[in-house]
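Undergrad: Chains as they are written, first to last, in our numbering: chain A, 1 to 235; chain B, 1001 to 1234. The beta-carbon is built from N, C-alpha and C at its ideal position, and this holds for glycine as well.
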Amino acid sequence: MTKVLTVAEMVLRDLARRRTVLGMLFLLPLAFYAARHDQTGQAIRFASLGLGWGASTAGLFSGNSAKTVEPRLRLVGYSSLALLIGRLASLLLVSWAIAGAYFLLIYFDQDIRRPGALALMLMLTALIAVPLGMLIGALVPRDLEGTLLLIGLVGVQMAVDPAKSSSKYLPFWSSREIGTYVVDNVDSGYLTRGLQHGLGMAVGMIVLTGVLTVVRLRRRKHLQSIRQPVAAAMR
Amino acid sequence: MWTSQQPGEPPDRRPPAGMSHGRGNVAAPSPPVRLRASGITKRFGRREVLSGVNLEVHAGEVAAVVGANGAGKSTFLKICAGLISPNSGQVEVQGSIGYCPQAGGTFDFLRPDEHFILFGRGNGLKRDVARSRGREMAAGLGWSPDPKVQARHLSGGTRQKLNVILAVLGGHDILLLDEPYQGFDRGTYTDFWEVIWRLRDTGRTIVVITHMLNAMDRVDQVLDLTPTGSERNR
């Protein structure tokens, strides 16, 4: 636990010193929100997508920047999971802080029928977005490939008709379901479906990122403990 | 393998073969093997960078790995550290490993003290112990870390000092150092080797990649990875 907290602390310190990045993470959802400000439902959904995009990007870059150091940290005694969970926890903390700020903005700015569901929607978006970015970072070798993949994914998410059944395969489908429940007079089925989808996505991506991290930072098979001495041999 | 004195090079001050671990006329037991790499072969695509490389280093020994650019020195060290897999061969170790990469290996936005704590905590050290030990080691390399300066603002040589300290901080049994003194000034370079000799005297096993031929007279063995004959065009 101490090691997880140490990793989380250092990721937070690292992120806190990137003030421009932090500012942009806070402002990105605002741009999306402002673009659809006149339509409450759309404004909420787009603010949520902006939050998700920003948090995913932070997850992607944070994960990639640690790739050269993490093998060293494994050697000095950190487990792969401690490295993953520490990073995930601190990025979630920052993302939830941004979600909290947008909850207050939307709550006071729009006519919201169910504010509790709005808070849940924004927190869930962050919970999906951070592991999504980290997963993409684990899948691709460099930032550029990851950024292009993320742009493509979020672009499709915004362009596709949410009523289509294929849209359920996209990571932020839950925000549309819960968003509808927040604004419109609909039954709780929207909330349930959204929560199930969002939590399933988040858990699935965390598990997949964990597997990829463990594989990448595994102890290689050729490295073994010494069993018996042999005569020195030099090439 | 580098064994004999070449014109213009410093005299060989290594102990004679078979005497390296003995005292007087009474043969002392040989120190234990800490690192043994056997038949290491590594290919990147069709290009073979390492072909059947062997190395055995005992406790209290320093081995230098030399070779031309692209000879596979860094690859060999990464294989010894278990960071990448060879195509064939195996590495046996006894004890924990500290690794200093040629480049990178630190977080740009963290300060030296935070690096000491991060790496020290991994080694099971308390925060204060990790920080004070890191600063102590920095002093040994003639460096007094500014508590407010982030790693990205350190000069190349100072950043490399930080890298070396992070590899040594945990008191590991085996130290794998990949060109650790890039950017060091002459004084720091001397301090660095003093640190290495002190670590050797405490029984540590050290493998250093180096281009500095004047260091060769003070190491216990040299592994030359320079391609020979038909290997030269690989």
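#1: Going by DSSP, what residue range makes up the alpha helix (DSSP H) through Gln-1160/B?
#2: Buried or exposed, going by whether 16 or more other CB atoms sit within 10 Å of the CB of Ile-1097/B?
#3: For the segment 26-35 of chain A and the segment 98-105 of chain A, state whether three or more C-beta atom pairs, one from each stretch, are separated by less than 8 Å.
#4: Is the segment 148-164 of chain A close to the segment 74-89 of chain A, with three or more CB pairs under 8 Å?
#5: What do you reckon, are the CB atoms on Leu-51/A and Leu-135/A nearer than 8 Å?
#6: For Arg-72/A, would you say it is in contact with chain B, using Cβ-to-Cβ distances shorter than 8 Å as the test?
#7: Under a three-way DSSP split, which group does Val-1235/B fall into?
#8: Look up Thr-1106/B in the DSSP assignment and say whether it is helix, strand or coil.
#9: Would Lys-3/A and Gly-1122/B be called neighbours here (beta carbons separated by less than 8 Å)?
#10: Roughly how many angstroms separate the alpha carbons of Ser-1088/B and Leu-1176/B, rounded to a whole number?
#11: What is the DSSP secondary structure of Phe-1184/B, reduced to helix, strand or coil?
#12: Nearest by alpha-carbon distance to Arg-18/A: which of Asp-1191/B, Leu-1166/B, Leu-1110/B and Gly-1140/B is it?
#13: Output the distance between the C-alpha atoms of Val-183/A and Gln-42/A, rounded to the nearest integer angstrom.
#14: Report all residues from its chain with a CB closer than 7 Å to the CB of Ile-1117/B; omit the five preceding and five following residues, and keep chain order.
#15: Which residues mark the beginning and the end of the alpha helix (DSSP H) in which Val-11/A is found?
#16: Between Ala-16/A and Leu-217/A, what straight-line distance do the alpha-carbon atoms span, to the nearest angstrom?
#17: Write down every uninterrupted run of the alpha helix (DSSP H) in the segment 134-194 of chain A whose length is 4 residues or greater and which is fully enclosed by it, in chain order.
#18: Please report whether the beta-carbon of Arg-1036/B lies at a distance below 8 Å from any beta-carbon of chain A.
#19: For the pair the segment 1066-1081 of chain B and the segment 44-62 of chain A, tell me if three or more CB-CB distances fall below 8 Å.
#20: Using DSSP with H/G/I as helix, E/B as strand and the rest coil, what is Gly-198/A?
#21: At 7 Å on the CB atoms, spell out the chain B contacts of Asp-14/A, in chain order.
#22: Going along the segment 1119-1147 of chain B in order, which residues come within less than 9 Å of chain A, judged by CB to CB distance?
#23: Quick check on Gly-1024/B - is its C-beta less than 8 Å from some C-beta in chain A?
#24: If you check the beta carbons only, do Arg-45/A and Gly-179/A fall under 8 Å apart?
#25: Please list the partners that Gln-1150/B has in chain A, where partner means a Cβ-to-Cβ separation under 8 Å.
#26: Return the residue from the list Val-215/A, Ser-165/A, Pro-162/A and Met-10/A that minimises the CA-CA distance to Ser-65/A.
#27: Going by C-alpha distance, which of Ser-1051/B, Arg-1034/B, Ala-1081/B and Gly-1039/B is nearest His-1058/B?
#28: Any Cβ of chain A within less than 8 Å of the Cβ of His-1021/B?
TA: So, to answer that:
#1: Start and end: 1156-1168.
#2: By the neighbour-count rule (16 or more Cβ atoms within 10 Å), Ile-1097/B is buried.
#3: Between the segment 26-35 of chain A and the segment 98-105 of chain A there are three or more inter-stretch CB-CB distances shorter than 8 Å, so the stretches are counted as touching.
#4: By the criterion of at least three beta-carbon pairs nearer than 8 Å, the segment 148-164 of chain A is not in contact with the segment 74-89 of chain A.
#5: No.
#6: Judged by the 8 Å Cβ criterion, Arg-72/A is in contact with chain B.
#7: This structure gives no information on residue 1235/B, because the portion of chain B shown stretches from 1001 to 1234.
#8: If DSSP states are grouped into helix, strand and coil, Thr-1106/B belongs with coil.
#9: Gly-1122/B is positioned such that its CB atom lies closer than 8 Å to that of Lys-3/A.
#10: Ser-1088/B and Leu-1176/B have their C-alpha atoms spaced approximately 20 Å apart.
#11: Looking at Phe-1184/B - three-state DSSP - the assignment turns out to be coil, as it is neither helix nor strand.
#12: Its Cα nearest to that of Arg-18/A, the residue Leu-1110/B stands out among Asp-1191/B, Leu-1166/B, Leu-1110/B and Gly-1140/B.
#13: When only Cα atoms are considered, Val-183/A and Gln-42/A end up about 10 Å apart.
#14: So the list reads Arg-1127, Ala-1130 and Arg-1131, once near-sequence residues are dropped.
#15: Start and end: 2-16.
#16: Answer to the nearest angstrom: the Cα atoms are 26 Å apart.
#17: 143-159 and 173-183, all fully within the segment 134-194 of chain A.
#18: Closer than 8 Å to some Cβ of chain A, the Cβ of Arg-1036/B qualifies, so yes.
#19: Not touching, per the Cβ criterion.
#20: In this structure, DSSP gives Gly-198/A a helical state, which the three-state scheme calls helix.
#21: Simply Phe-1107, Phe-1109 and Leu-1110.
#22: Residues passing the 9 Å Cβ filter: Phe-1119, Gly-1120, Arg-1121, Gly-1122, Asn-1123, Gly-1124 and Arg-1127.
#23: Confidence at Gly-1024/B is low in this model, with a pLDDT of 41, below 50, so the placement of that residue is unreliable and no value is reported for it.
#24: Cβ atoms of Arg-45/A and Gly-179/A: closer than 8 Å.
#25: Residues of chain A whose Cβ lies closer than 8 Å to the Cβ of Gln-1150/B are, in chain order, Arg-17.
#26: Looking from the CA of Ser-65/A, the closest CA among Val-215/A, Ser-165/A, Pro-162/A and Met-10/A belongs to Met-10/A.
#27: When only C-alpha atoms are compared, the closest one is Arg-1034/B.
#28: At His-1021/B the pLDDT is 40, less than 50, meaning the model places this residue with poor confidence; the figure from the coordinates comes in the next sentence. So, not an interface residue.
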